[in-house]
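Colleague:
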Amino acid sequence: MADASLRFLIDADHGQFYVQDLEPYDAWTAEHAMDPDLPPAGWTEEAVHVQRIGVEPHSISVGTARDDMVESLITVHTSAPMTEPTAEHIVEADLNAPTGRLSVSSPGVLPEDGPGMTVPAGLLRARVSYVPSDPPAVDTDGGPGEHFLYRIDLWPADRVRGLAVLKQGPSPWAG
């Protein structure tokens, strides 16, 4: 399979957007919605301040430095790509996508209104890189926070590896 990619802008309402295999994620959420021990969207204290992504089954929440329009690039590879040398922060996690259909949404963008893409069905490794960039070519609210390209590289994984911060960005990092 040749590398496939999806470049998009999304309203990162509340400083986040989600990449999800929606059908199994919705089923998991319905079963665990009332569990008081589960943080919303995987946002533990460590996820907010260190990892910058929240992880739940079939879902990754990408924390953004701005609460407005942000640019992202999702690329599917056949194997792990090289890391982006200009990225300020790089983190990897597992993403189980049994249907092979990913949707992108945010608190302000419904999954059916956001972009989507087909990926290899099964366990994927996801690398989220925060690459400094110019503002996107759309109006932003002019609020605080740096502009990044949120680059998400995906490739098939043979086993669960868990979450790993490969490069820790500066702290505080947003706002």
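In our numbering, the protein residues as written are 2 to 176. Think of the CB as a built atom: it goes at the ideal place given N, C-alpha and C, for glycine as much as any other residue.
(1) Go to D140, then tell me how far its alpha helix (DSSP H) extends in each direction, as first and last residue.
(2) With a threshold of 16 other CB atoms inside 10 Å of the CB of A98, please say whether the residue is buried or exposed.
(3) Starting from H33 and walking both ways along the alpha helix (DSSP H), at which residues does that stretch end?
(4) Beta carbon of L125, beta carbon of P82: below 8 Å?
(5) If you measure between the beta carbons of A13 and S107, is that distance less than 8 Å?
(6) Looking only at its chain, what residues have a beta carbon closer than 8 Å to the beta carbon of D135, apart from the 5 residues adjacent to it on each side?
(7) Closer than 6 Å by C-beta to Q169: which residues in its own chain qualify, once you throw out the five before and the five after it? Chain order, please.
(8) Between the C-alpha atoms of S62 and P40, what's the straight-line distance to the nearest angstrom?
(9) Please give the ranges of any alpha helix (DSSP H) in the stretch 19 to 107, keeping only runs that are unbroken, at least 4 residues long and fully inside the region.
Modeller: The structure says:
(1) As a position in the sequence shown, residue 140 is number 139, starting the count at 1. Neither: D140 is in no alpha helix (DSSP H) and is coded neither H nor E.
(2) Within the sequence shown, the letter at position 97 stands for residue 98. Taking a 10 Å sphere around the C-beta of A98, we find 16 or more other C-beta atoms and assign the residue as buried.
(3) Along the sequence shown, one-based indexing puts residue 33 at 32. From DSSP, the alpha helix (DSSP H) with H33 extends over 23 to 33.
(4) Position 124 of the sequence shown, counted from the first residue, corresponds to residue 125. Position 81 of the sequence shown, counted from the first residue, corresponds to residue 82. Inclusion of L125 and P82 in the CB contact set at 8 Å is not warranted, their separation being larger than that value.
(5) Taking the sequence shown and counting its residues from 1, the one referred to as residue 13 is at position 12. Taking the sequence shown and counting its residues from 1, the one referred to as residue 107 is at position 106. Closer than 8 Å, so yes.
(6) In the sequence shown, the residue the question calls residue 135 occupies position 134. Same-chain partners within the cutoff: H148.
(7) Working through the sequence shown from its first residue, we reach residue 169 at position 168. Close CB contacts of Q169 within its chain, under the 6 Å cut and outside five residues either way in sequence, are absent.
(8) As a position in the sequence shown, residue 62 is number 61, starting the count at 1. As a position in the sequence shown, residue 40 is number 39, starting the count at 1. S62 and P40: Cα-Cα distance of roughly 12 Å.
(9) The stretch 19 to 107 contains these whole alpha helix (DSSP H) runs: 23 to 33.
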